[in-house]
Structure formats: C-alpha cells, structure tokens
Amino acid sequence: MQEKSSNFFSQVNFIGYRYISLFLFFGFLILGIIGYKLNGGFVLGTDLAGGIRIEFTAPATVEELRNLLSNSSISITTLKDATIGQSFLLTAPADLSRDGSGDYLLDIVKRSFDPDKIQILSSTFVGPSVGQDFSFQAIKLIVIVSLLILIYVAFRFDFIYGIGAIAASLHDILVILIVIILFRVPIDLTVTAAILTILGYSINDTIVIFDRIRENSALLPEEDMAPVINKSITQCMVRTLLTSLTTLIVAIAIYVWAGNSLQNFGFLMIIGIISGVYSSIFVASPTTYAVWEIKQNIQNKSDKYLTK
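If you read the sequence shown in the working numbering, its first letter stands for residue 221, the second for the next number, and so on.
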C-alpha cells in the first residue's frame, strides 16, 4: 500500500504548485483582514481580559437566560451551553462584579427562577491587572518558543532551510489567528497552549521533510533542487499523512467529548494539524527552493565575475 501511495505522489510536482499556494495564502489573509475589520478585532477570554466566569445549572433555556440578562442592562460577553448536561457558561467584564464572585449576576437569575434549582459548578474571577499580566506573559511565551524553534532549525540545517521553517511557522500562526478572528474564538490560556502545541507539531513535520531533502541532496549532488525536493516530499508523504491522521483523530475526540473547557483547544488543534501538514509541503519546501534559487543565481554571477 505504501509503495502504491508513493507511486501516486511521485507524479505530483509539489514545487510547481508554489505560486498557487502563495495565491491561496494571500486570499486567506485578505479574508482574515476583512473578518478583523467586521468583527472588531480579537475577543479576549477571561484569563487575558479579566472578568467573571461562572458555570452553573438553572431550570431555564439559553434563550431565556440571554433575554433575562440583556433586559437587566448588563453587558455579557459570552453566554452559552456547556457541553454536558443542563448547565450554562456565563462570562462578563470584571466591572460587573461587586465582590469578585459574580453573585450579583446570579442574583438576577435567582429572582426569576427557583433559587433551590440553581447550582454553581465553578466560578472564576480575574482582575483587569492580572488579565493584562497574563496577556503579556502569553505573548512573551509564544515569541520565546518560536525563536527557540527557529534557532534549533538554523543550527541543525543550512541557512536556506531556516528561512523555509520561518515561513512555515509564520504561515501556521497567521492561519490560526485568522480562524480565531473568523470564528470569534476567545483568546485565553487554553488557546495560547494550542498555538504553542501547533508550532511544535508543524516544525516537527517540516524537520522530517528537511532531513530527507538533505539526505537526497547528498546522494544526488548534481541534481537540480526541485526534483530532489519533490522526491523527498513523496518519500515522506505516507508517513506524514498517517501520523497526522492519528493526531487528528485525537484532536477531534477532544473537540467532541472533552467538554467546554477544552473545546476551543481541540478545534484549533484540528485546524493547526491540517495547516501544519500543508505548510510543511507547500510553504516550507517551496520557500527553501526559492532561497536556494537566489543563492545559486548569486553564486553563478559571482563565478562569472571571477572568471573574467
């Protein structure tokens, strides 16, 4: 089966699709910019923006609670069903809390329904200053991890591979951010963890392909870089798809069954795994080839100049 799959992929000119992949990326980027303008930017979760987060049960429907809270002139940022049982997740800005517990908000609900049937499952309050500190730490963590990954690739491989790894990483980060904008996913510490996980997963796929390119380049020193890259991708394709499919099944399971707290993590992992496979093949490798072409042209011009 693996041999048949390899024969199928050997007919694909991956490098030849580099301009199409570039066009698709810019199209998706424009879509993200439009979404950013229409949606008013990113939505920050309670962890980063500060606020109240309460999970509770109540003898009501989502529509009844939404109408009740909106009629009470309270600005609620999120109100939705939790994934298990008759429970609800309510988040609100920190300035709506009078004591840091969110009891003031629940009192509004209790006045309209049977108080004995309302139960708080969890309650979290994050002050605005703490939320800002979390935001700074999350951004710093993503930047540091990204730099460490890129430094590792630069030392393990040649300079041209480092540029390809940077392009693939930037591609995956932008794809995740655009999806976050389009689907209004609140950015919290769980989303930050998903971004870091996706970065590591994506660079792993890229390194596997780069390692095979380096091996084939040593075996075929006279061969042009394009067929070497195509051959290397073909040799890694079955392994990449099977590994990604296994991880994708786990991510889908998290999204479907892990509950509300991990649903966004699972969703972004699904997007990130698909994006990571795509970027390793259609972003990292073509970028490496483009840098190799530039390097070769400079070297050829230098050789001609020296022979004069």
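For glycine and all other residues, C-beta sits at the position ideal for the given N, C-alpha and C.
* Could you give the DSSP three-state label for Gly271: helix, strand or coil? => Numbered from 1 along the sequence shown, position 51 holds the residue referred to as residue 271. Correct three-state label for Gly271: strand.
* Which of helix, strand or coil DSSP assigns to Ala413 -> Numbered from 1 along the sequence shown, position 193 holds the residue referred to as residue 413. Helix at Ala413.
* To do: Please work out which residues of its chain come closer than 7 Å, Cβ to Cβ, to Ser256, disregarding the five sequence neighbours upstream and downstream, and give them in chain order.
  => Along the sequence shown, one-based indexing puts residue 256 at 36. This sequence places Tyr at residue 256; Ser is not what is there. The residues are Ile401.
* Asked: Can you give the Cα-Cα distance for Ile304 and Thr277, rounded to whole angstroms?
  -> Stepping through the sequence shown from its first residue, residue 304 is reached at position 84. Stepping through the sequence shown from its first residue, residue 277 is reached at position 57. With a pLDDT of only 48 at Ile304, under 50, the local geometry of the prediction cannot be trusted, and no value is derived from it.
* Nearest residue (CA-CA) to Ile274, options Leu326, Ile396, Lys521, Leu419 -> For this step, residue 274 is matched to residue 54 along the sequence shown. For Ile274, the closest alpha carbon among the candidates Leu326, Ile396, Lys521, Leu419 is that of Leu326.
* Might you give, ordered along the chain, the residues of its own chain that have their beta carbon closer than 7 Å to the beta carbon of Ala387, omitting 5 neighbours on each side? => Position 167 of the sequence shown, counted from the start, is the residue given in the question as residue 387. Excluding residues within five positions, the ones whose Cβ falls inside 7 Å are Val503, Ala504, Thr507.
* **Residues that DSSP places opposite Thr344 in a beta bridge** => In the sequence shown, residue 344 corresponds to position 124, counting from 1. Answer is Arg273.
* To do: Would you mind sorting Pro406 into buried or exposed? The rule is 16 or more other CB atoms within 10 Å of its CB.
  => In the sequence shown, counting from the first residue as 1, residue 406 sits at position 186. Under this definition Pro406 is a buried residue.
* Element boundaries [beta strand (DSSP E), containing Leu310] -> Taking the first residue of the sequence shown as 1, we reach residue 310 at position 90. From DSSP, the beta strand (DSSP E) with Leu310 extends over 307–312.
* To do: Quick one: residues in its chain with C-beta nearer than 7 Å to the C-beta of Tyr381, no 5 flanking neighbours on either side, listed in chain order?
  => As a working note, residue 381 is residue 161 in the sequence shown. Val373, Phe430, Thr508.
* Using the rule of at least 16 other Cβ atoms within 10 Å of the residue's Cβ for burial, across every protein chain shown, is Ile253 buried or exposed? -> Start at 1 with the first residue of the sequence shown, and residue 253 comes out as number 33. By the neighbour-count rule (16 or more Cβ atoms within 10 Å), Ile253 is not buried but exposed.
* To do: Go ahead and pull the three-state DSSP assignment for Ile407.
  => If you number the sequence shown from 1, residue 407 lands on position 187. DSSP places Ile407 in the strand class (E or B) of the three-state scheme.
* To do: Would you grab the beta carbon distance between Arg482 and Ile490 for me? Rounded to a whole angstrom, and I think it's under 8 Å.
  => Position 262 of the sequence shown, counted from the first residue, corresponds to residue 482. Position 270 of the sequence shown, counted from the first residue, corresponds to residue 490. The question names Arg, but residue 482 is Leu in the sequence shown. Not quite, the Cβ-Cβ distance comes to about 12 Å (not below 8 Å), so this is no contact.
* Just the C-alpha distance for Phe262 and Phe485, rounded to the nearest angstrom, thanks. => Here residue 262 refers to the residue found at position 42 of the sequence shown. Here residue 485 refers to the residue found at position 265 of the sequence shown. Taking the Cα positions, Phe262 is about 16 Å away from Phe485.
* Straight-line CA distance for Ile494 to Pro335? -> Position 274 of the sequence shown holds residue 494. Position 115 of the sequence shown holds residue 335. Roughly 46 Å separates the two Cα atoms.
* Asked: Whose C-alpha, out of Asp408, Phe487, Cys456, Arg459, is nearest the C-alpha of Val470?
  -> The residue labelled residue 470 in the question sits at position 250 within the sequence shown. Nearest C-alpha to Val470: Phe487.
* Host alpha helix (DSSP H) of Tyr237 (start-end) -> Looking up residue 237 in the sequence shown gives position 17. Neither: Tyr237 is in no alpha helix (DSSP H) and is coded neither H nor E.
* Spatial neighbours of Tyr421 in its chain, beta-carbon cut-off 6 Å, leaving aside the 5 residues before and after -> Taking the sequence shown and counting its residues from 1, the one referred to as residue 421 is at position 201. Cβ neighbours of Tyr421 beyond the five flanking positions: Gly496.
* Asked: On the three-state DSSP scale, how would you describe Leu264?
  -> Reading the sequence shown from its first residue, position 44 is the one you call residue 264. Look at Leu264 here: in three-state DSSP terms it is strand.
* Three or more beta-carbon pairs under 8 Å between the region 409–429 and the region 459–467, yes or no? -> The answer is yes - the region 459–467 touches the region 409–429, with three or more Cβ pairs under 8 Å.
* Asked: By the 10 Å Cβ neighbour count, where 16 or more other Cβ atoms means buried, how is Ser536 classified, buried or exposed?
  -> Given that the chain is displayed from residue 221 to residue 528, the structure contains no residue 536 and the question cannot be resolved.
* Asked: Okay, do the region 438–455 and the region 357–373 touch, 3+ Cβ pairs below 8 Å being the bar?
  -> In the pairwise beta carbon analysis, the region 438–455 is classified as not touching the region 357–373: fewer than three pairs are separated by under 8 Å.
* Length of the line joining the Cα atoms of Glu284 and Arg459 -> As a working note, residue 284 is residue 64 in the sequence shown. As a working note, residue 459 is residue 239 in the sequence shown. So the alpha carbons of these two residues sit roughly 50 Å apart.
* For the alpha helix (DSSP H) holding Lys451, just list the boundary residues, first then last. => Taking the first residue of the sequence shown as 1, we reach residue 451 at position 231. 445–477 is the span of the alpha helix (DSSP H), which, as asked, contains Lys451.
* Buried or exposed (CB count within 10 angstroms, at least 16 for buried), Ile383 -> Mapped onto the sequence shown, residue 383 falls at position 163. The residue is buried, with at least 16 neighbouring Cβ atoms inside 10 Å.
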